[in-house]
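Participant: My questions all concern the structure below.
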Amino acid sequence: MSTVTQAWGHVARAGRGIRWYMTTLMGDTAYATYVAHQRRVHPGEEPMTERQFWRQKMDDQDRNPGARCC
169 MSTVTQAWGH VARAGRGIRW YMTTLMGDTA YATYVAHQRR VHPGEEPMTE RQFWRQKMDD
229 QDRNPGARCC
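What follows is the structure, encoded as structure tokens:
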């Protein structure tokens, strides 16, 4: 394998890592994580819809702002 090919492989891997970090940081994977948790820990219960999930998440953040900028 050439050095250039290896370098592009490292760049691609770094790009995937950055994309994963940013989507996780921004909460893009929150609903999927919630559904996976619900199915694993509470298999008999129906998980909230995505709309219900985000509404509850925003309501929780409004009640308990914690360490956010605004």
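Numbering (our numbering), first residue to last: 169 to 238.
The C-beta atom is built at its ideal place from N, Cα and C for all residues, glycine as well.
Bear in mind that the values here come from a model prediction, so they are computed numbers and not experimental data.
Quick one: what does DSSP say His205 is sitting in, helix, strand or coil?
Facilitator: Indexing the sequence shown from 1 puts residue 205 at position 37. Here His205 sits in helix by DSSP.
Participant: Would you kindly report the start and end of the unbroken alpha helix (DSSP H) that includes Thr171?
Facilitator: Counted from its first residue, the sequence shown places residue 171 at position 3. Counting along the chain, the alpha helix (DSSP H) containing Thr171 begins and ends at Thr171 to Leu193.
Participant: Using only CA atoms, which one of Gly177, Thr192, Val209 and Ala198 lies nearest to Met226?
Facilitator: Counting from one through the sequence shown, the residue named residue 226 turns up at place 58. Selected option, being the one with the closest Cα: Ala198.
Participant: Could you pull out every residue in the same chain whose Cβ sits closer than 7 Å to the Cβ of Phe221, ignoring the five residues on either side in sequence?
Facilitator: Position 53 of the sequence shown, counted from the start, is the residue given in the question as residue 221. Within the same chain, Phe221 has close Cβ partners Tyr199 and Tyr202.
Participant: Rounded to a whole number of angstroms, what is the C-alpha to C-alpha distance between Tyr189 and Gly212?
Facilitator: Here residue 189 corresponds to residue number 21 of the sequence shown, with the count starting at 1. Here residue 212 corresponds to residue number 44 of the sequence shown, with the count starting at 1. Each residue's alpha carbon lies about 32 Å from the other.
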